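Undergrad: Got a structure for you, written out below as structure tokens; questions coming shortly.
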Amino acid sequence: MTNSRTNMAEGGSGTLSPQAGQNGTAGLVARRRLLLGPNVPTFYQSPIHIVRGKGVWLWDNDGRRYLDCYNNVPHVGHCHPRVVEAISMQCATLNTHTRYLHSGILEYLESVLPTFDDQLGCGLLTCSGSEANDVALRMAQSFTGHSGFIATDSTYHGNTALVSQLDRRGGPVGGLEAHVVRVPCPVGESTRYKKTVSRESRSFAASVAVAVSQLEERRQGCAALILCPFFANEGFPTLPKGFLDQTVEIVQAAGGVVICDEVQPGFGRLGSHFWGHERIGIVPDIVTLGKPMGNGHPVAGVIARPDVLGAFRQDYKYFNTFAGNPVAVAAAQATLDCIREDGLIENARTVGSHARRKLQELAEIWDCLGVVRGSGMYFGVEVCDSDGLPAGRMAGRIVNAMRDLGVLIGTAGRYGSILKIRPPLPISVAEIDILAETLHRALKGTK
Numbered sequence: 109m110t111n112s113r114t115n116m117a118e119g120g121s122g123t124l125s126p127q128a129g130q131n132g133t134a135g136l137v138a139r140r141r142l143l144l145g146p147n148v149p150t151f152y153q154s155p156i157h158i159v160r161g162k163g164v165w166l167w168d169n170d171g172r173r174y175l176d177c178y179n180n181v182p183h184v185g186h187c188h189p190r191v192v193e194a195i196s197m198q199c200a201t202l203n204t205h206t207r208y209l210h211s212g213i214l215e216y217l218e219s220v221l222p223t224f225d226d227q228l229g230c231g232l233l234t235c236s237g238s239e240a241n242d243v244a245l246r247m248a249q250s251f252t253g254h255s256g257f258i259a260t261d262s263t264y265h266g267n268t269a270l271v272s273q274l275d276r277r278g279g280p281v282g283g284l285e286a287h288v289v290r291v292p293c294p295v296g297e298s299t300r301y302k303k304t305v306s307r308e309s310r311s312f313a314a315s316v317a318v319a320v321s322q323l324e325e326r327r328q329g330c331a332a333l334i335l336c337p338f339f340a341n342e343g344f345p346t347l348p349k350g351f352l353d354q355t356v357e358i359v360q361a362a363g364g365v366v367i368c369d370e371v372q373p374g375f376g377r378l379g380s381h382f383w384g385h386e387r388i389g390i391v392p393d394i395v396t397l398g399k400p401m402g403n404g405h406p407v408a409g410v411i412a413r414p415d416v417l418g419a420f421r422q423d424y425k426y427f428n429t430f431a432g433n434p435v436a437v438a439a440a441q442a443t444l445d446c447i448r449e450d451g452l453i454e455n456a457r458t459v460g461s462h463a464r465r466k467l468q469e470l471a472e473i474w475d476c477l478g479v480v481r482g483s484g485m486y487f488g489v490e491v492c493d494s495d496g497l498p499a500g501r502m503a504g505r506i507v508n509a510m511r512d513l514g515v516l517i518g519t520a521g522r523y524g525s526i527l528k529i530r531p532p533l534p535i536s537v538a539e540i541d542i543l544a545e546t547l548h549r550a551l552k553g554t555k
């Protein structure tokens with residue numbers, strides 16, 4: 109009898125080719141298609157089979173080393189020994205859920221809450237950023253009594269059914285529901301358009317005001333504006349402190365709350381502040397955490413005003429089996445301790461400044477590089493065509509050329525035209541110099 113799975117994996121051939129091998133690149137891609145289904149995303153035109161990581165470096169199955177300038181999950185470095193030890197020790201002692209009393213989750217919240225404004229006095233843990241944002245949106249609905257959400261048109265906040273309504277990568281099947289309105293994201297300064305930032309701040313606030321009116325006309329009301337305060341997926345435009353002040357006033361006047369998704373800019377990545385919302389100068393009502401929180405171990409969370417979280421607890425009686433388990437909070441606590449004790453925020457500030465200077469030097473050499481942007485250990489540069497317009501395809505070629513030369517970066521922005529660079533926080537000046545030299549070589553090869 110023909111194995112339909114094998115046929116599907118190999119386009120009907122019935123077997124894996126001997127050349128591919130079960131664990132070679134082609135073999136792994138075929139097995140992924142067979143076992144995980146079609147269209148499972150991978151990075152780069154030639155996917156990498158990563159087998160080991162340490163600090164800011166990764167190794168593939170052939171022993172080749174890559175400088176990791178993209179992954180923001182291993183926040184304090186791949187396989188940090190302190191985090192590994194904390195996970196191992198707790199796993200060998202106890203792992204259960206939060207319907208039993210355990211001090212670990214409380215100690216973690218007591219450690220992390222002082223990094224927030226005093227208004228944000230409590231929290232709950234989840235397993236992923238998607239879950240955290242799902243909870244935050246439901247929390248907003250419970251507290252406000254409204255159902256409508258506002259997000260930017262170039263954002264990403266996760267993949268639950270509720271959160272995926274906000275996704276910039278094409279709407280869900282059936283289109284957007286009536287309770288979601290997207291607004292144009294800020295652009296900031298670009299090579300072609302020299303925007304007046306104060307004017308763009310007013311424009312963004314005005315678009316949010318229009319969205320509020322649309323939600324009220326639909327009898328949804330404004331429950332929340334959800335955004336990344338660094339506008340990371342939007343291409344992290346350089347925006348000053350105070351840019352969102354008028355926007356926040358409009359949302360709160362409409363009875364809504366502001367949710368800041370700190371999954372990408374949080375935990376000191378920006379170098380100047382512990383959280384992205386501090387950098388832009390607002391105090392949100394709800395903050396969501398994720399990716400770097402456990403340095404790769406699945407743990408995420410929601411921090412909120414007590415009255416907002418209380419309304420959610422009353423309406424939903426929320427419980428999540430794996431959220432806040434002792435092993436997850438051990439990973440989170442060790443990661444937080446490393447950020448503080450290893451001086452990683454200061455490293456993000458100083459080494460990030462050096463990185464932007466190196467990018468600026470390259471932008472003065474290469475016409476295809478435009479405005480350098482970013483903060484701390486989240487930085488990048490525009491890729492433009494000869495007319496100064498976004499050049500997403502060329503950015504993609506540069507990213508793949510960098511991969512071939514042993515440095516991993518990505519892209520961001522509405523057109524995928526911003527080179528996105530966000531290394532683990534411990535990266536050094538010497539390693540940034542490797543990044544810059546490799547980018548120079550990649551640009552020579554993609555002219």
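Under the working numbering, the first residue of the sequence shown is numbered 109, with each subsequent residue one higher. Note that the Cβ used here is the ideal one computed from N, Cα and C, for glycine as well. Remember, predicted model here, so these are calculated numbers, not experimental data.
1) On the criterion of 16 or more Cβ atoms from any shown chain inside 10 Å, does E539 qualify as buried, or is it exposed?
2) Candidates H385, S196, L543, Y486: which alpha carbon is nearest A520's?
3) On the premise that G256 lies in contact with V289, defined as a C-beta separation below 8 Å, what is that separation, rounded to the nearest angstrom?
4) Going by CA-CA distance only, name the one from D475, L166, V480 that's closest to D495.
5) Just how far apart, CA to CA, sit A313 and F344?
6) Quick one: what does DSSP say Y590 is sitting in, helix, strand or coil?
7) Let me know the beta strand (DSSP E) ranges lying completely inside the region 393-423, each 3 residues or longer, listed in chain order.
8) Do L533 and V184 have their C-beta atoms closer together than 8 Å?
9) Take Y264 as the anchor and find which of T150, G253, D242 has the nearest alpha-carbon.
10) Once you ignore the five residues that flank L588 on each side, which residues in its own chain have a CB closer than 6 Å to its CB?
11) Could you check the C-alpha separation between S196 and E469 for me, to the nearest Å?
12) Assuming A259 contacts L335 (C-beta within less than 8 Å), just tell me the rounded distance between them.
13) Which two residues bound the contiguous beta strand (DSSP E) that contains D168?
14) Taking the alpha-carbon of L245 as reference, which of C235, L274, S262, Q227 has the nearest alpha-carbon?
15) Enumerate in chain order the residues of its own chain whose CB-to-CB distance from G237 is below 7 Å, with the five nearest sequence positions on each side excluded.
16) Provide the residue span of the beta strand (DSSP E) that contains R522, from first to last.
17) Can you tell which of E218, L144, T133, S262 has its C-alpha closest to the C-alpha of Y152?
18) Verify whether the separation of the beta carbon atoms of I103 and P392 is less than 8 Å.
19) I'd like the list of long-range same chain contacts for A463, defined as Cβ closer than 6 Å, with 5 residues on each side in sequence excluded.
20) Is it the case that the Cβ atoms of C199 and V435 are separated by a distance below 8 Å?
21) For the alpha helix (DSSP H) that G231 lies in, which residues bound it at each end?
22) Leaving out five residues before and five after A286 in sequence, what residues of the same chain have Cβ atoms less than 7 Å from its Cβ?
23) CB-CB under 6 Å to F420, same chain, minus the five flanking residues each way: which ones, in chain order?
24) Can you name, in chain order, every residue of its own chain whose Cβ lies under 6 Å from the Cβ of Q322, other than the five neighbours on each side?
25) Tell me where the beta strand (DSSP E) around G256 begins and ends.
26) Which residues in the same chain have their Cβ closer than 7 Å to the Cβ of A438, if we skip the five residues on either side of it in sequence?
27) When the Cα of G404 is compared with those of N180, T268, I394, which residue comes out closest?
28) Name the DSSP bridge partner or partners of V515?
TA: Taking the coordinates as given:
1) By one-based count along the sequence shown, residue 539 stands at place 431. It counts as buried.
2) Counted from its first residue, the sequence shown places residue 520 at position 412. Out of H385, S196, L543, Y486, Y486 has the C-alpha closest to the C-alpha of A520.
3) As a working mapping, residue 289 is identified with position 181 in the sequence shown. As a working mapping, residue 256 is identified with position 148 in the sequence shown. Between G256 and V289 the Cβ distance is about 7 Å, and since that is below 8 Å, they are a contact.
4) Along the sequence shown, read from residue 1 onward, the residue named residue 495 stands at position 387. D495 has its Cα closest to that of D475, out of D475, L166, V480.
5) For the purposes of this step, residue 313 is taken as the residue at position 205 of the sequence shown. For the purposes of this step, residue 344 is taken as the residue at position 236 of the sequence shown. Roughly 18 Å separates the two Cα atoms.
6) Nothing can be reported for residue 590: it is not among the residues displayed for the chain, which extend from 109 to 555.
7) 394-397, 408-412
8) Indexing the sequence shown from 1 puts residue 533 at position 425. Indexing the sequence shown from 1 puts residue 184 at position 76. Yes, the pair counts as a contact, with Cβ atoms nearer than the cut-off.
9) Locating residue 264 in the sequence shown gives position 156, counting from the first residue. Closest option to Y264, Cα to Cα, is D242.
10) In the structure as shown, the chain starts at 109 and stops at 555, and residue 588 therefore has no counterpart that could be examined.
11) Numbered from its first residue, the sequence shown carries residue 196 at position 88. Numbered from its first residue, the sequence shown carries residue 469 at position 361. If I take the Cα positions, the gap works out to 44 Å.
12) The sequence position of residue 259 within the sequence shown is 151, counting from 1. The sequence position of residue 335 within the sequence shown is 227, counting from 1. A259 to L335, Cβ: 7 Å. Contact.
13) The count along the sequence shown starts at 1 and reaches residue 168 at position 60. 165-168 is the span of the beta strand (DSSP E), which, as asked, contains D168.
14) Here residue 245 corresponds to residue number 137 of the sequence shown, with the count starting at 1. Nearest option by C-alpha distance: L274.
15) As a working note, residue 237 is residue 129 in the sequence shown. These residues qualify, in order along the chain: G266, V371, T396, G398, K399, A408.
16) As a working mapping, residue 522 is identified with position 414 in the sequence shown. Note, R522: premise wrong, no beta strand (DSSP E); not H, not E.
17) As a first step, residue 152 is located in the sequence shown; it is residue number 44 there, counting from the start. The shortest Cα separation from Y152 among E218, L144, T133, S262 belongs to T133.
18) Residue 103 lies beyond the residue range present for the chain, which begins at 109 and ends at 555; the question has no answer from this structure.
19) As a working mapping, residue 463 is identified with position 355 in the sequence shown. Correct list, in chain order: F487, I540.
20) As a working note, residue 199 is residue 91 in the sequence shown. As a working note, residue 435 is residue 327 in the sequence shown. Going by C-beta atoms, C199 is nearer than 8 Å to V435.
21) Walking along the sequence shown from the start, residue 231 turns up at place 123. That residue, G231, is in no alpha helix (DSSP H); its beta strand (DSSP E) goes 230-234.
22) As a working mapping, residue 286 is identified with position 178 in the sequence shown. Counting only Cβ-Cβ distances below 7 Å, and skipping sequence neighbours, we find R326, Q328.
23) The residue given as residue 420 occupies position 312 in the sequence shown. Counting only Cβ-Cβ distances below 6 Å, and skipping sequence neighbours, we find M247, S250.
24) As a working note, residue 322 is residue 214 in the sequence shown. V289, listed in sequence order.
25) Looking up residue 256 in the sequence shown gives position 148. Counting along the chain, the beta strand (DSSP E) containing G256 begins and ends at 256-260.
26) Start at 1 with the first residue of the sequence shown, and residue 438 comes out as number 330. Counting only Cβ-Cβ distances below 7 Å, and skipping sequence neighbours, we find A194, I195, Q198, G212.
27) Numbered from its first residue, the sequence shown carries residue 404 at position 296. Ranking N180, T268, I394 by Cα distance to G404 puts N180 first.
28) As a position in the sequence shown, residue 515 is number 407, starting the count at 1. Note: V515 sits in a beta bridge opposite L175.
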